[in-house]
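For reference, the structure is listed below as structure tokens.
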Amino acid sequence: MANEAHKIKLLVLWDILCKNTDENHALNTDEISELLALRGLNVSRKILVQDIATLCDNGYEVLSYKKKYHYYYVVNRSLETAEVVMLADVINASKLPVAQKKALAQRLAETLCTHQAESISKHIISLDKGRRGNSSFIYNVDAIERAINENKQISFLYFNYDEKHKKVYRKNGNRYTVSPAFMVWNKDNYYLLCFSKGHDDIVTYRLDKMESVKVEELERESHPEYELFNTEEYRKQVFSMFGGESQNITLLFTANILSDMFDRFGDDIRIKKADEETYSVDVTVQISKTFFAWIVGTQGKVKIKSPRKVIDEFILMPFNNCRVYDPCCGSGGMFVQSVKFLQAHCGNRGGISVFGQESNADTWKMAKMNMAIRGIDADLGPYNRDTFFDDLHPTLKADFIMANPPFNLSNWGQDKLKDDKRWKYGTPPAGNANFAWIQHMIYHLAPRGKIGLVLANGALSSQSSGEGEIRKNIIEDDLIEGIVALPTQLFYSVTIPVTLWFITKGKKQPGKTVFIDARKMGHMVDRKHRDFSEEDINKIADTFAAFQNGTLEDVKGFCAVKTTADIAAQDYILTPGRYVGIEEQEDDGEPFEEKMTRLTSELSEMFKKSHELEDEIRKKLGAIGYEI
């Protein structure tokens, strides 16, 4: 088993080196270790160097050169799939005899590794110039190739289709001028990848929707992504939806993404009007992570309407094969709720790996028992230990961290941990462990991981003992995704109001934070305890989702989206009330002067009645011998 595991690790290492390095782009050991960690493999620098040596000993060509650390790159590699597809098209379009075409195609396929060759045999569709509706298609290809070879810009007209499949020219029929970079094959279409003024990233156009392509005299503009671009990886990210089970689904989408729907699913799809702003379409899609990633990338412009099975799979996508961590897990309540969430959404309870730690021996035993009773396979360490002094999961990089740490914990041992590597944003004060917990969690967060923690309100605004500076540094590192102020009496053990912090690496809305004031939400279930209804929870969740999709509008007194600059202007204080403002009150239509006259009159009557009651009470007490 160990040998097999080592082989798998070596293959993963080789795959990372092939995809990310060449003679001009080497990676050092730290960078390779980070990429391995994203694949779930934590390897020390010493072991990594040994593994690379093992690859070389077994015929895998990896070279290294020294700078500050060892840098490694792959010397020789097979052709990329996209390159083979382009070459296959050239062969099939040639006037060679059929037998010779097949022989050349076979030799071309042999340049790939076995799994690539199999993929090519299934998915290659050669460039058939005769079946294109756009007669200028072949001219477009030739003109673009010439422009790329001569380092020139091109100009062209570009059209889309409306819902009735009629041509609609973009830019009111004016020409586009771009710097062509690559042509990429996908399914039945070729796409031009180019750079254009006003766009930082690569812009994509479908070749059969381009007309009147002209090579300009203007030199092609330089761009740093020219040298770094990998056509195969780009095609996987942007176009591919392969690798999953084919299913019939219904999608809802907005009008501004209509063109993309035609590009992805063909010009013959039947589009229906769902409402004033939304269309629906029935399509067959191979359900995969790539497809779900595309849905997320549309930022709410495309939604899955049915079937329920695919919707649930989409909801649960981030939670499959992920690591959940609680550094102060208590009896394991966070893990129980995580599993319940998966089950409620038809998920597999085994889709998460659970890691935790607890300092109290009795509570740790209770957590172990709690996990065993519910059939949750959890790694809570071999014994109970203090998280700060004896981290039982030192190499863990968790996808999700959920915790309710001890509020305002004093005497937590700061004097013995002053130079700890976890204090990236500043040494936490000795009298309060709030920011020690936060930094410990950030340290254990995966590159695109998320933290959700409950914290005392004081952490939002405290400036004492360096806490304000630590909070500032975390904010400036763009980690705070959301702050939710909660009402009092929401927890049985804590009656004071608390706050939910959401900390994220790789935020969907960089440079922005959503503030939600939920202090007026919930209902009292008894005199001591408040609870959230399902509607309350959904309201907060939907607000957060709208923020991530970039569609959230501020609601006075409830939610607001603010930039890092906005927060800096408030001295990096995170109290939601500062940002959401006061809820607007409905005007009752009564003029102010009239209202004040009425209210003062009512108050005067109340005072008069109060005096009468005082006199009555004095008389009653005097009658029984008590004078006031």
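The opening residue of the sequence shown carries number 98 in this note's numbering; numbering runs sequentially from there.
Even glycine gets a Cβ: it sits at the ideal position worked out from N, Cα and C.
- When DSSP reads this structure, residue 620 sits in a beta bridge with 628.
- The beta carbon of residue 514 is closer than 7 Å to those of 485 in its chain, skipping five residues each way along the sequence.
- Residue 124 and residue 626 have their C-alpha atoms roughly 55 Å apart.
- Partner residues in the beta bridge of residue 303, as assigned by DSSP, are 288.
- The beta carbon of residue 523 is closer than 7 Å to those of 563, 566, 567, 570 in its chain, skipping five residues each way along the sequence.
- In this structure, the beta-carbon distance from residue 255 to residue 273 falls below 8 Å.
- Rounded to the nearest angstrom, the gap between the Cα atoms of residue 240 and residue 389 is 35 Å.
- Counting of Cβ neighbours within 10 angstroms places residue 599 among the buried residues, the total reaching 16 or more.
- Beta-bridge annotation (DSSP): residue 200 is not paired with any residue.
- Of the residues 611, 295, 276, 432, the one whose Cα lies closest to the Cα of residue 650 is 611.
- Secondary structure note for residue 610: its beta strand (DSSP E) is the uninterrupted segment 609-614.
- Closest in C-alpha terms to residue 606, from the list 314, 393, 292, 429, comes 393.
- Within the same chain, 536, 537, 540 come within 6 Å of residue 519 by CB-CB distance, once the 5 residues on both sides are set aside.
- Counting C-beta pairs with one atom in each stretch, the segment 450-465 and the segment 485-496 have three or more that are closer than 8 Å, which means they touch.
- Per DSSP, the unbroken alpha helix (DSSP H) holding residue 704 starts and ends at 689-720.
- Of the residues 377, 379, 311, 266, the one whose Cα lies closest to the Cα of residue 252 is 311.
- Straight-line spacing of the CA atoms in residue 477 and residue 601 works out to 24 Å.
- With a cutoff of 8 Å on beta-carbon distance, residue 397 and residue 646 are scored as near each other.
- Contact holds between the segment 653-673 and the segment 571-581, because three or more Cβ pairs, one in each stretch, are under 8 Å apart.
- Comparing alpha carbon positions, the residue from 307, 314, 271, 319 closest to residue 278 is 319.
- If you look at residue 598, you'll find it in the beta strand (DSSP E) that goes 595-601.
- The beta strand (DSSP E) runs lying completely inside the segment 468-492 and spanning 3 residues or more number zero.
- In the three-state scheme derived from DSSP, where H, G and I count as helix and E and B as strand, residue 105 is classed as helix.
- Taking residue 266 as reference, the option from 425, 306, 543, 246 with the minimal CA-CA separation is 306.
- Taking C-beta atoms as the reference points, residue 126 and residue 146 count as a pair closer than 8 Å.
- With respect to the C-alpha of residue 296, the residue from 281, 303, 474, 275 having the closest C-alpha is 275.
- Within the same chain, and ignoring the five residues on either side of residue 678 in sequence, the residues whose Cβ sits closer than 8 Å to its Cβ are 653, 654, 657.
- In the structure shown, residue 426 falls within a coil segment according to DSSP collapsed to helix, strand and coil.
- The beta carbon of residue 507 lies closer than 6 Å to those of 528 in the same chain, with the five residues before and after it left out.
- When DSSP states are grouped into helix, strand and coil, residue 435 belongs to the helix group.
- For residue 544, the uninterrupted beta strand (DSSP E) run begins and ends at 542-553, by DSSP.
- Taking C-beta separations shorter than 6 Å and ignoring five residues to either side along the sequence, the partners of residue 587 in its chain run 627, following chain order.
- Taking the Cα positions, residue 614 is about 16 Å away from residue 558.
- Approximately 5 Å separates the beta-carbon atoms of residue 350 and residue 399; this is inside 8 Å, confirming the contact.
- By the CB criterion at 8 Å, residue 551 and residue 489 fall outside the cutoff.
- Secondary structure at residue 676: helix, using DSSP grouped into helix, strand and coil.
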